[in-house]
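Visitor: My structure is below; once you've seen it, I'll send some questions.
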Amino acid sequence: MKLMRCWNETEPFEKVPKPRKTKMKNKKAQEEMVGFVLIVVIVVIISVILLGISLRSNSTSSVEESEELNSFLSSVAQITSDCEKPKNDFLVIGDLVKKCYDKQVCSDDRIICDVLSSTLRNVLRNSTYVVGDESPNQYYDLKIFYENNGERVQVIEDISETSRRLEVGNCLGNKIYKEKEFTAFDRERLFMRFEVCYV
601 MKLMRCWNET EPFEKVPKPR KTKMKNKKAQ EEMVGFVLIV VIVVIISVIL
651 LGISLRSNST SSVEESEELN SFLSSVAQIT SDCEKPKNDF LVIGDLVKKC
701 YDKQVCSDDR IICDVLSSTL RNVLRNSTYV VGDESPNQYY DLKIFYENNG
751 ERVQVIEDIS ETSRRLEVGN CLGNKIYKEK EFTAFDRERL FMRFEVCYV
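Numbered per this note's numbering, the sequence shown spans residues 601 to 799.
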């Protein structure tokens with residue numbers, strides 16, 4: 601037999617206390633989650649910064665002078681062009697560089713700088729430094745310039761070719777270069793600089 605206690609109206613009704621521990625546990629769990637998310641965000645930001653530094657240091661990889669490119673540029677300088685000056689005297693690329701600096705024209709009135717540029721483009725397109733999907737070369741860049749008060753002045757527009765993966769100057773592999781010097785008729789020093797990036 602169960603005894604039942606009757607409620608007396610004079611007795612105050614006992615309120616059941618709400619569990620405070622549950623609220624505190626929920627609040628503490630939320631704080632821990634916010635802390636965890638902040639840590640993850642900080643780690644991601646640091647990782648992105650380190651990755652950027654790493655990629656930047658790879659893109660400014662060391663550039664080495666190359667004897668192979670020295671031989672190549674020496675050979676290129678001796679290639680005969682279709683520019684005659686005077687008539688029946690075909691100029692080699694080395695002479696074109698000097699005469700281009702002097703703003704001369706071929707005997708058929710073509711501008712020597714234009715002939716130099718197109719001849720060099722053809723030579724590079726058919727060289728071992730050609731850039732393509734199946735080639736290890738990522739880019740090449742050929743400049744012809746002279747220095748005036750410490751600044752480089754172009755003789756012709758740079759001749760460059762790059763793969764679709766990157767821009768000239770952003771080498772993700774090995775970078776080699778060589779400069780060949782020419783002396784113009786007024787004793788100005790001219791330079792042909794060839795740079796190649798390859799994997």
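Where a beta carbon is used, it is the ideal one built from N, C-alpha and C, also for glycine.
Does the segment 697-710 come within contact of the segment 723-734, defined as at least 3 CB pairs closer than 8 Å?
Guide: Cβ pair count under 8 Å is below three, so no.
Visitor: Whose C-beta lies closer than 6 Å to the C-beta of P736 among residues of the same chain, with five residues either side of it excluded?
Guide: Here residue 736 refers to the residue found at position 136 when the sequence shown is read from its first residue. The residues are Y798, V799.
Visitor: What did DSSP end up calling E668 once you bin it into helix, strand or coil?
Guide: Here residue 668 is taken as the residue at index 68 of the sequence shown, counted from 1. In this structure, E668 counts as helix in the three-state DSSP scheme.
Visitor: Under 6 Å Cβ to Cβ from E795, same chain only, skipping five residues before and after it: list those, please.
Guide: Residue numbering aside, residue 795 sits at position 195 when the sequence shown is read from its first letter. Excluding residues within five positions, the ones whose Cβ falls inside 6 Å are D741, Y777.
Visitor: Around the C-beta of I645, are 16 or more other C-beta atoms found within 10 angstroms, so that it is buried, or is it exposed?
Guide: Walking along the sequence shown from the start, residue 645 turns up at place 45. By the neighbour-count rule (16 or more Cβ atoms within 10 Å), I645 is not buried but exposed.
Visitor: Can you tell me the Cα-Cα spacing of S659 and V676, whole angstroms?
Guide: Your numbering for residue 659 matches position 59 in the sequence shown. Your numbering for residue 676 matches position 76 in the sequence shown. Unreliable positioning characterises S659 in this predicted model, as indicated by a pLDDT of 48, which lies under 50. The coordinate reading is nonetheless provided below. C-alpha separation (whole angstroms): 28 Å.
Visitor: Hey, which unbroken runs of the beta strand (DSSP E) at 3 residues or more fall wholly within the segment 722-761?
Guide: Correct list: 737-748, 751-754.
Visitor: Three-state secondary structure (DSSP) at D682?
Guide: The residue you call residue 682 lines up with position 82 of the sequence shown. DSSP places D682 in strand when its eight states are reduced to three.
Visitor: Considering only C-alpha positions, which residue in the set L716, L650, I679 is nearest to E757?
Guide: By one-based count along the sequence shown, residue 757 stands at place 157. It is L716.
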